[in-house]
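According to our numbering, the stretch in the sequence shown is residues 21 to 400, in order.
Glycine is no exception: its CB is placed at the ideal position from the N, C-alpha and C atoms.
Source: prediction; values computed, not measured.
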Amino acid sequence: MAAAEEEPKPKKLKVEAPRALSENILFGMGNPLLDITAVVDKDFLDKYSLKLNDQILAEEKHKELFDELVKKFKVEYHAGGSTQNSIKVAQWMIQQPHKAATFFGCIGIDKFGEILKKKAAEAHVDAHYYEQNEQPTGTCAACITGGNRSLVANLAAANCYKKEKHLDMEKNWILVDKARVYYIAGFFLTVSPESVLKVAHHASENNRIFTLNLSAPFISQFYKESLMKVMPYVDILFGNETEAATFAREQGFETEDIKEIAKKTQALPKVNSERQRIVIFTQGRDDTILATVPVFQSDGTSLYSHQQHIEWLFPPTSSPAFAALHLFSFVILKVKSPLLLSWIKTRKKLLIPMELEMHLLEESQARTKTGQVFTESGAR
Numbered sequence: 021m022a023a024a025e026e027e028p029k030p031k032k033l034k035v036e037a038p039r040a041l042s043e044n045i046l047f048g049m050g051n052p053l054l055d056i057t058a059v060v061d062k063d064f065l066d067k068y069s070l071k072l073n074d075q076i077l078a079e080e081k082h083k084e085l086f087d088e089l090v091k092k093f094k095v096e097y098h099a100g101g102s103t104q105n106s107i108k109v110a111q112w113m114i115q116q117p118h119k120a121a122t123f124f125g126c127i128g129i130d131k132f133g134e135i136l137k138k139k140a141a142e143a144h145v146d147a148h149y150y151e152q153n154e155q156p157t158g159t160c161a162a163c164i165t166g167g168n169r170s171l172v173a174n175l176a177a178a179n180c181y182k183k184e185k186h187l188d189m190e191k192n193w194i195l196v197d198k199a200r201v202y203y204i205a206g207f208f209l210t211v212s213p214e215s216v217l218k219v220a221h222h223a224s225e226n227n228r229i230f231t232l233n234l235s236a237p238f239i240s241q242f243y244k245e246s247l248m249k250v251m252p253y254v255d256i257l258f259g260n261e262t263e264a265a266t267f268a269r270e271q272g273f274e275t276e277d278i279k280e281i282a283k284k285t286q287a288l289p290k291v292n293s294e295r296q297r298i299v300i301f302t303q304g305r306d307d308t309i310l311a312t313v314p315v316f317q318s319d320g321t322s323l324y325s326h327q328q329h330i331e332w333l334f335p336p337t338s339s340p341a342f343a344a345l346h347l348f349s350f351v352i353l354k355v356k357s358p359l360l361l362s363w364i365k366t367r368k369k370l371l372i373p374m375e376l377e378m379h380l381l382e383e384s385q386a387r388t389k390t391g392q393v394f395t396e397s398g399a400r
């Protein structure tokens with residue numbers, strides 16, 4: 021009798037077996053930075069006018085900061101930058117083969133550039149940098165004092181990528197062509213929009229997955245023309261609530277409702293009609309909004325008609341991990357929705373590398389809804 025009163029169990033989601041992976045199946049292009057982390061003292065902060073928990077771009081007065089940081093304190097190096105971080109985490113999740121992930125960007129011909137190449141290789145990322153001697157390798161200093169962190173970024177060489185001197189070269193374009201999933205952060209639109217457009221067009225023309233991150237509100241404001249030239253080729257768009265709101269204002273959506281913004285963004289013109297666009301907007305610890313067209317099974321029921329219990333294994337601030345998690349789903353499991361990825365992730369017990377300062381969150385739930393807009397608990 022008790023068994024008869026039990027609530028019916030939801031149908032199990034069916035996922036295709038992992039595909040046989042090859043090298044260079046995932047491609048990323050962006051602004052590479054060498055992250056330099058050290059515990060410093062107050063005198064060091066005062067010398068360079070650094071505030072606690074501030075994030076700034078380096079000025080002339082910070083010119084000697086990076087070398088002094090290395091000479092005076094015990095430092096740790098990591099391959100950083102928004103896109104490179106996501107690619108690195110995705111490679112960590114893929115695990116085998118090594119060099120499944122490719123990364124392009126610009127660095128200087130200097131000691132920091134050599135360290136960056138070494139760190140990318142240690143992460144098993146197939147990094148092919150455009151190396152030039154006009155600007156030094158981009159760096160980001162993380163100055164730790166107690167529980168506080170002050171960030172100083174010097175983009176330098178990261179701003180110097182040249183399409184005709186790197187992307188257009190046959191040996192490099194071969195690597196682009198080998199990929200099946202592409203990810204670029206919006207920040208790179210400030211550096212080489214023509215490179216972004218070439219990769220996006222290639223992905224669309226060959227029915228491959230092109231993903232883009234809005235990255236920051238100023239991208240939608242001041243690089244709107246470049247962004248909207250690429251948008252018709254975007255299969256998956258990432259952003260947070262602030263970036264979404266700015267994008268909506270710039271596009272004249274006349275709404276502040278993030279769900280409506282997601283739907284309107286999803287419905288923007290798209291070149292490759294074989295792939296419906298997916299829009300993912302995060303909201304810190306609040307629900308993540310996902311907009312796409314409804315997906316139905318052979319029996320006519322919605323694929324998202326059941327509630328799933330999901331453990332989120334990355335914190336609200338780990339944008340690179342959030343993007344990497346979804347890239348992983350498309351690369352290794354042929355998953356057609358990030359919502360399915362969340363379900364898969366709990367089965368595979370994926371953990372984010374601690375070196376990226378990502379920690380386990382307590383178990384949370386995600387509710388999926390039928391129709392055009394879905395939400396999942398978690399964060400960017």
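The beta-bridge partner set that DSSP reports for Ile298 consists of Ile256. By the CB criterion at 8 Å, Gly50 and Ala205 fall inside the cutoff. Taken atom to atom, the span from the alpha-carbon of Pro289 to that of Lys249 is near 11 Å. In terms of Cβ geometry, Phe124 and Asn226 do not form a close pair [threshold 8 Å]. In the DSSP assignment, the residues bridged to Asp146 are Thr122.
With contacts defined by Cβ atoms closer than 8 Å, Phe93 and Val60 form a contacting pair. Where Thr285 is concerned, the enclosing alpha helix (DSSP H) starts and stops at Ile278 to Gln286.
In the three-state DSSP reduction, Ala78 falls in the coil class, being neither helix nor strand. Annotated as distal: Lys185 and Tyr149, with beta-carbon spacing of 8 Å or more. Shown here, Ile129 sits in coil according to DSSP, grouped into three states, outside any helix or strand. For His98, the uninterrupted beta strand (DSSP E) segment begins and ends at Val95 to Gly100. Separation of the CB atoms of Gly100 and Asp55 is rounded to 4 Å, and the pair is thereby assigned contact status at 8 Å. The bridge partners DSSP lists for Asn51 come to none. Take the alpha-carbon of Thr57 and the one of Cys163: they are about 6 Å apart.
When DSSP states are grouped into helix, strand and coil, Gln271 belongs to the helix group.
Judged by their CB atoms, Ile45 and Ala147 are not nearer to each other than the 8 Å cut-off. In the structure shown, the three-state DSSP call for Gln152 is strand. In the DSSP assignment, Asn168 falls within the unbroken beta strand (DSSP E) covering Asn168 to Asn174. About 16 Å separates the Cβ atoms of Gln286 and Thr302, ruling out a contact at the 8 Å cut-off. The C-alpha of Thr122 is placed about 15 Å away from the C-alpha of Ser215. For Ala178, no beta strand (DSSP E) segment is defined, and its DSSP state is neither H nor E.
Looking at the backbone, the Cα of Ala282 and that of Leu234 are separated by about 13 Å. Collapsing the DSSP output to three states places Thr266 in a helix. Per DSSP, Asn73 has no beta bridge partner at all.
Take Ala140, set aside five residues on each side of it, and the residues of its chain with a beta-carbon closer than 6 Å to its own are Ala99 and Ala147, in chain order. Judged by DSSP in its simplified three-state form, Leu232 adopts strand. Contact between Lys71 and Ser170 holds, since their C-beta atoms are separated by about 7 Å, short of 8 Å. In this structure, Thr165 and Lys62 form a Cβ contact; the two beta carbons are roughly 7 Å apart against a cut-off of 8 Å. Between Ser240 and Thr266, the C-beta spacing is below 8 Å. Excluding five sequence positions before and after Leu257, the CB atoms of its chain that fall closer than 6 Å to its own CB belong to Leu232 and Val299, given in chain order.
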